[in-house]
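K.L.:
For reference, the structure I am asking about is given below.
Protein chains: 2
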Amino acid sequence: MEAQVFEELKALVERRDWKTLAERLSQMHPSDIGEFLTYVDEEDKLDVFLLLPPEIASDVILETDKSTRQHLITSLSRTRLTEIVDEMDTDDATDLISELPEEDAKIILRGIKPKESMEVEKLLQYKEDTAGGIMQAELVAVREDQTVEETIKAIRAVAEEIPDIHNIFVVDKERRLVGSVPIGKLILAPSKVKIKDIMNPKPVKVTVDMDQEEVARIFQKYDVVSLPVVDHENRLVGRITIDDVVDVIENEIFEDFYRMAGLQEDDRVFSPPAFSIRKRLPWLFLNLFTAIMAASVVGLFQSTIQAVVALAVLMPIVAGMGGNAGTQTLTVIVRGIALGELTFANAKKALLKEILVGIANGIVLGVVTAFLAYIWKGNPMLGAVLAMAMVINMFVASLTGTLIPLTLRWIGVDPAIASGIFITTFTDVFGFLSFLGLATLFMRYLT
Amino acid sequence: MEAQVFEELKALVERRDWKTLAERLSQMHPSDIGEFLTYVDEEDKLDVFLLLPPEIASDVILETDKSTRQHLITSLSRTRLTEIVDEMDTDDATDLISELPEEDAKIILRGIKPKESMEVEKLLQYKEDTAGGIMQAELVAVREDQTVEETIKAIRAVAEEIPDIHNIFVVDKERRLVGSVPIGKLILAPSKVKIKDIMNPKPVKVTVDMDQEEVARIFQKYDVVSLPVVDHENRLVGRITIDDVVDVIENEIFEDFYRMAGLQEDDRVFSPPAFSIRKRLPWLFLNLFTAIMAASVVGLFQSTIQAVVALAVLMPIVAGMGGNAGTQTLTVIVRGIALGELTFANAKKALLKEILVGIANGIVLGVVTAFLAYIWKGNPMLGAVLAMAMVINMFVASLTGTLIPLTLRWIGVDPAIASGIFITTFTDVFGFLSFLGLATLFMRYLT
Numbered sequence: 028m029e030a031q032v033f034e035e036l037k038a039l040v041e042r043r044d045w046k047t048l049a050e051r052l053s054q055m056h057p058s059d060i061g062e063f064l065t066y067v068d069e070e071d072k073l074d075v076f077l078l079l080p081p082e083i084a085s086d087v088i089l090e091t092d093k094s095t096r097q098h099l100i101t102s103l104s105r106t107r108l109t110e111i112v113d114e115m116d117t118d119d120a121t122d123l124i125s126e127l128p129e130e131d132a133k134i135i136l137r138g139i140k141p142k143e144s145m146e147v148e149k150l151l152q153y154k155e156d157t158a159g160g161i162m163q164a165e166l167v168a169v170r171e172d173q174t175v176e177e178t179i180k181a182i183r184a185v186a187e188e189i190p191d192i193h194n195i196f197v198v199d200k201e202r203r204l205v206g207s208v209p210i211g212k213l214i215l216a217p218s219k220v221k222i223k224d225i226m227n228p229k230p231v232k233v234t235v236d237m238d239q240e241e242v243a244r245i246f247q248k249y250d251v252v253s254l255p256v257v258d259h260e261n262r263l264v265g266r267i268t269i270d271d272v273v274d275v276i277e278n279e280i281f282e283d284f285y286r287m288a289g290l291q292e293d294d295r296v297f298s299p300p301a302f303s304i305r306k307r308l309p310w311l312f313l314n315l316f317t318a319i320m321a322a323s324v325v326g327l328f329q330s331t332i333q334a335v336v337a338l339a340v341l342m343p344i345v346a347g348m349g350g351n352a353g354t355q356t357l358t359v360i361v362r363g364i365a366l367g368e369l370t371f372a373n374a375k376k377a378l379l380k381e382i383l384v385g386i387a388n389g390i391v392l393g394v395v396t397a398f399l400a401y402i403w404k405g406n407p408m409l410g411a412v413l414a415m416a417m418v419i420n421m422f423v424a425s426l427t428g429t430l431i432p433l434t435l436r437w438i439g440v441d442p443a444i445a446s447g448i449f450i451t452t453f454t455d456v457f458g459f460l461s462f463l464g465l466a467t468l469f470m471r472y473l474t
Numbered sequence: 028m029e030a031q032v033f034e035e036l037k038a039l040v041e042r043r044d045w046k047t048l049a050e051r052l053s054q055m056h057p058s059d060i061g062e063f064l065t066y067v068d069e070e071d072k073l074d075v076f077l078l079l080p081p082e083i084a085s086d087v088i089l090e091t092d093k094s095t096r097q098h099l100i101t102s103l104s105r106t107r108l109t110e111i112v113d114e115m116d117t118d119d120a121t122d123l124i125s126e127l128p129e130e131d132a133k134i135i136l137r138g139i140k141p142k143e144s145m146e147v148e149k150l151l152q153y154k155e156d157t158a159g160g161i162m163q164a165e166l167v168a169v170r171e172d173q174t175v176e177e178t179i180k181a182i183r184a185v186a187e188e189i190p191d192i193h194n195i196f197v198v199d200k201e202r203r204l205v206g207s208v209p210i211g212k213l214i215l216a217p218s219k220v221k222i223k224d225i226m227n228p229k230p231v232k233v234t235v236d237m238d239q240e241e242v243a244r245i246f247q248k249y250d251v252v253s254l255p256v257v258d259h260e261n262r263l264v265g266r267i268t269i270d271d272v273v274d275v276i277e278n279e280i281f282e283d284f285y286r287m288a289g290l291q292e293d294d295r296v297f298s299p300p301a302f303s304i305r306k307r308l309p310w311l312f313l314n315l316f317t318a319i320m321a322a323s324v325v326g327l328f329q330s331t332i333q334a335v336v337a338l339a340v341l342m343p344i345v346a347g348m349g350g351n352a353g354t355q356t357l358t359v360i361v362r363g364i365a366l367g368e369l370t371f372a373n374a375k376k377a378l379l380k381e382i383l384v385g386i387a388n389g390i391v392l393g394v395v396t397a398f399l400a401y402i403w404k405g406n407p408m409l410g411a412v413l414a415m416a417m418v419i420n421m422f423v424a425s426l427t428g429t430l431i432p433l434t435l436r437w438i439g440v441d442p443a444i445a446s447g448i449f450i451t452t453f454t455d456v457f458g459f460l461s462f463l464g465l466a467t468l469f470m471r472y473l474t
């Protein structure tokens, strides 16, 4: 939305000119109204929202940010909220109702149209991150011996409720999915033609308990904008549209990198501070534990450090470079797994490549660092120890950067979970161990 | 694709049973054939690919991985390749041609249909990461005084070339965009109705030089599956469909986290090792430089360490915890910026929150660490110094984790670029400085 429009609307709110504001809002796209509402002062949000007719309000509330939505849901009368939910698609109604306290959810479910209520109750039973959790009940299904004309009539009957039909699904008398017809094909067919003659008899479909990430992959693979959802008897139970899948794709990628950093999915930029503190602390404690492990490695070499203090100065370089190289490898591997490019079948190839890259970079950087250390301290052996430790630690970085996410996946855990913390632990431990260990070994050349 | 199907197909390749294989492939979805080709041995790829008729081959080649595609493009005869490109949508043809050496590109452009060739040459001029770079020329445009019947006729004329029409665009006689009609609406309108009576006169649209990330955000905001692209005179020049946008969204998110880790976009899990080495080294050198900076801070306190070697043991804990907390903040902030939740307008709120979270976590972890250090060394002052340094470093972590990406964005650079390296530099430098500095200050209580 343009800044000028935004300022004009804000001025109307300040002047309490509700009539003009309502008029202006009625010309706007629900997404833009939702964006505007997000920035309206909290005490005015409800007043502005009540200017909207229910059929617009139901779209707008889905486009506001989480805290605005929470505020509105809590402040609206239950009657008004029921009207709004009644206008929603079943998948959105389900998401909203699942955010409500149980008592309120019951009130709403009793208030909306019985058919929708029944469907929402069904949808509420599916796990949030499965095909069932993101599908909607709104769809158009016809039988294969119906004609194009009859099908268009069926679409017309629901056109107001379901504006975004991309495919018609074809079912048999047990409601088993037997085909699909893109709407573009329907428009071109003569009106007396039977659906079975123009349908695709092998439609791409997903099952109701399929993980949403898998669903997203199928959407991408087949470049489709909507897919039918079937149960284990191949009965048509719902439909998923691409807009919901885009959110899934986005969230799944962010989730990987959140986990890598030791963050939880719901910890967002404007989450309340107390919430973020609580969510981040467990991971920081895990990191504290691993940092103490790394420190205790240094503890083994106190007498070496006492003898050559320069080692304490240089040891963070070895550890830090390993951490960085490990994070590079880890990021590449997590991406490869997420996109399905990296599987257990080709994991060995990836591992060998990363090890090669790690050792090569270790040699280049080790030689440069050794040269710098030699200039600084005038001791070639110190440089040599530094270079060797660097190569060893870059090798460890590439090894763990590849194997940790693969192992996590192998034992059935998210491959990214806390992996950033694990990698830096390994590179710290092996960085200190190799550098201080080699220094101890070659001590007589260092003093 | 099921593993069994895959094995059967592979067996056919091994037996050189091309006839049966061709038959099997003709029953399969192009995406599945593309996936299969990716796993066929290199020397057999071309033989298998040549079994496909050009109209299928053109879809299949787009679904293979990059190295298979490169191999096929190089091995196919120019005549065959021309036939295949001729079957493609203009956006895909443009992408493929831009991968070819100039000489080959010219041959192909001369070989394909003159109309498509002209359009591809136009598309080749747009920058890859703009709306123009991802749009296609295939679309259906009608004038506003045409009827529904005439429009359906226009769709029929191009139906074979453009199977995925979601919207009809409406233009005036200068080809300026004046409206759009979803195909679902067209199907329900009486055939004599004029397009202007059912069109949306304010269609959402994008301009040809708009950044692809911005385009993706508009698709998501308005939940649309295709959008018209206009030039600066509002003339319709192309169309973008959601499947291309999904790839953009996915790549932009990965790009952020790639940059955070000091990686370049094209460095993938199976890139050649020499390529990955070359791409990662510059970032590792940047990291070496910053690591030396951090080490030189330690260098300032050599006499302190000499006096109390335990400091060398504990200092990596302070630095490491800061690095982890900083990465948490950074990840949350980068996500907030990417999703448009965090802007300069609300940046102060985000900064204050992160600082609060950082200090609070610093206090909790500092107290625990101090207690552990006290148990280990029996010196309460050592614990106190550790706790203070931890709080200071967690504060620095939250400050830099927020300000570095925001500053990078402010000066017009990607907010994630190398930010992981910068953050750990700050937390290393300030971790060592605060811990060793405080230790020097309170030296007489430590020995």
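Residue numbers (the numbering used here), protein chains in the order written: chain A, 28 to 474; chain B, 28 to 474.
Using N, Cα and C, we set each Cβ at its ideal position, and we do this for glycine too.
Note that the coordinates shown come from a computational prediction; the quantities given were computed from them, not determined experimentally.
1. Relative to the alpha-carbon of M226 (chain B), which residue among B:A168, B:E69 and B:T451 has its alpha-carbon at the smallest distance?
2. Within the chosen definition, does the region 436-445 of chain A reach the region 458-470 of chain A through at least 3 CB pairs nearer than 8 Å?
3. Using a Cβ-Cβ distance cut-off of 9 Å, determine whether L357 (chain A) contacts chain B.
4. Compute the Euclidean distance between the alpha carbons of I139 (chain A) and D113 (chain A), then round it to the nearest angstrom.
5. Chain A partners of Y249 (chain B), CB-CB under 7 Å?
6. Could you give the residue range of the beta strand (DSSP E) that holds L255 (chain A)?
7. P300 (chain A) touches chain B at which residues, Cβ-Cβ below 8 Å?
8. Could you tell me whether the region 249-266 of chain A touches the region 223-240 of chain A, where touching means 3 or more Cβ pairs closer than 8 Å?
9. Thinking just about the alpha-carbon of each residue, which of A:I402, A:L338 and A:V296 is nearest to the one in R428 (chain B)?
10. Looking only at its chain, what residues have a beta carbon closer than 7 Å to the beta carbon of S303 (chain B), apart from the 5 residues adjacent to it on each side?
11. For a contact defined as C-beta to C-beta under 7 Å, what are the partners of V391 (chain A) on chain B?
12. Would you please state the rounded distance, in angstroms, between the beta carbons of V423 (chain A) and F453 (chain A)? I believe it to be under 8 Å.
13. So within the region 284-315 of chain A, which uninterrupted beta strand (DSSP E) runs reach at least 3 residues, ignoring any that extend past its ends?
14. Could you please tell me which residues of the region 265-280 of chain B, in chain order, have their CB closer than 7 Å to any CB of chain A?
15. Should the region 190-202 of chain A be regarded as contacting the region 142-156 of chain A, the criterion being three or more beta carbon pairs within less than 8 Å?
16. Quick one: give me the first and last residue of the beta strand (DSSP E) that N479 (chain A) is part of.
17. Establish whether the CB of Y401 (chain A) and some CB of chain B are separated by less than 9 Å.
18. Comparing C-alpha positions only, which one of A:M115, A:S104, A:E241 and A:G61 sits nearest to D22 (chain A)?
19. Once you ignore the five residues that flank S58 (chain B) on each side, which residues in its own chain have a CB closer than 7 Å to its CB?
20. Is V335 (chain A) closer than 9 Å to M417 (chain A) when the C-beta atoms are compared?
21. Comparing the C-beta of P80 (chain A) with each C-beta of chain B, is any distance below 9 Å?
22. Just mark W437 (chain B) as buried or exposed, buried being the case when its beta carbon has 16 or more other beta carbons within 10 Å.
23. Please report the straight-line C-alpha distance between G206 (chain B) and N194 (chain B), rounded to a whole angstrom.
24. For K376 (chain B), count the other beta carbons within 10 Å of its own beta carbon; 16 or more makes it buried, fewer makes it exposed. Which is it?
25. Taking the beta carbon of K72 (chain A) as the centre, do at least 16 other beta carbons fall within 10 Å, making it buried, or is it exposed?
26. What residues from chain A crowd round D455 (chain B), counting only those whose CB sits closer than 7 Å?
27. In chain B, which residues lie less than 9 Å from T467 (chain A) when you measure between Cβ atoms?
28. Strictly under 9 Å for the Cβ-Cβ distance: is F398 (chain A) near chain B by that measure?
29. Could you tell me how far apart the beta carbons of I482 (chain A) and T396 (chain A) are, in whole angstroms, since I believe they sit closer than 8 Å?
30. Is the CB of K37 (chain A) under 9 Å away from at least one CB in chain B?
31. Please confirm whether T157 (chain B) has its beta-carbon closer than 9 Å to some beta-carbon of chain A.
32. Output needed in chain order: residues of the region 232-249 of chain A with a Cβ under 8 Å from some Cβ in chain B.
33. For the 8 Å Cβ check, are there 3 or more pairs between the region 309-320 of chain A and the region 307-325 of chain B?
34. Around the C-beta of S144 (chain B), are 16 or more other C-beta atoms found within 10 angstroms, so that it is buried, or is it exposed?
35. Using DSSP's beta-bridge definition, name the partner residues of V208 (chain A).
36. Is it true that the region 179-194 of chain A meets the region 274-287 of chain A, where meeting means three or more beta-carbon pairs spaced less than 8 Å apart?
P.N.:
Let me lay it out:
1. Among B:A168, B:E69 and B:T451, the Cα nearest to that of M226 (chain B) belongs to B:A168.
2. Result no; under three Cβ-Cβ pairs closer than 8 Å.
3. Chain B contact via Cβ: present.
4. Cα-Cα distance, rounded: 5 Å.
5. Within 7 Å of the CB of Y249 (chain B), the CB atoms of chain A belong to H56 and S58, in sequence order along the chain.
6. The displayed chain sequence assigns Pro, not Leu, to residue 255 (chain A). It spans S253 to V257 - the beta strand (DSSP E) in which P255 (chain A) sits, taken as one unbroken run.
7. K380, L383, V384 and A387, listed in chain order.
8. Enough Cβ pairs lie closer than 8 Å, so yes.
9. Arg is not the amino acid found at residue 428 (chain B); the sequence shown has Gly there. It is A:V296.
10. Excluding sequence neighbours, S303 (chain B) sits near D294.
11. L308, listed in chain order.
12. Right, the Cβ-Cβ distance comes to about 6 Å (below 8 Å), so this counts as a contact.
13. Fully enclosed beta strand (DSSP E) runs of 3 or longer: not present.
14. Cβ contacts with chain A: I269, D270, V273, I276, E277 and I280.
15. Result no; under three Cβ-Cβ pairs closer than 8 Å.
16. Not covered by the structure: residue 479 (chain A). The range shown for chain A is 28 to 474.
17. Not a single CB atom of chain B sits nearer than 9 Å to the CB of Y401 (chain A).
18. With chain A running from 28 to 474 in the structure shown, residue 22 (chain A) is simply not present.
19. Around S58 (chain B): E90.
20. It is not a contact, given that the beta carbons lie outside the stated cut-off.
21. Output row for P80 (chain A): interface = no.
22. Exposed.
23. Put simply, the backbone Cα of G206 (chain B) is about 10 Å away from that of N194 (chain B).
24. The residue is exposed, with fewer than 16 neighbouring Cβ atoms inside 10 Å.
25. Flag for K72 (chain A) reads buried.
26. The contacting residues are P343 and G347.
27. Those do not exist, as T467 (chain A) stays about 14 Å from chain B at its closest Cβ, beyond 9 Å.
28. So no, F398 (chain A) is outside the interface.
29. Limits of chain A in this structure are 28 at one end and 474 at the other, which puts residue 482 (chain A) out of reach.
30. K37 (chain A) does not count as touching chain B.
31. Cβ-Cβ to chain A under 9 Å: no for T157 (chain B).
32. Cβ proximity to chain B below 8 Å picks out F246, Q247, K248 and Y249 from the region 232-249 of chain A.
33. Remark: fewer than three beta-carbon pairs, one from each stretch, lie closer than 8 Å, so the region 309-320 of chain A and the region 307-325 of chain B are not flagged as touching.
34. Here S144 (chain B) is buried, its C-beta having at least 16 other C-beta atoms within 10 Å.
35. Residue pairing from DSSP places V208 (chain A) in a beta bridge opposite A:I195.
36. Touching, no, given that fewer than three Cβ pairs across the two stretches are closer than 8 Å.
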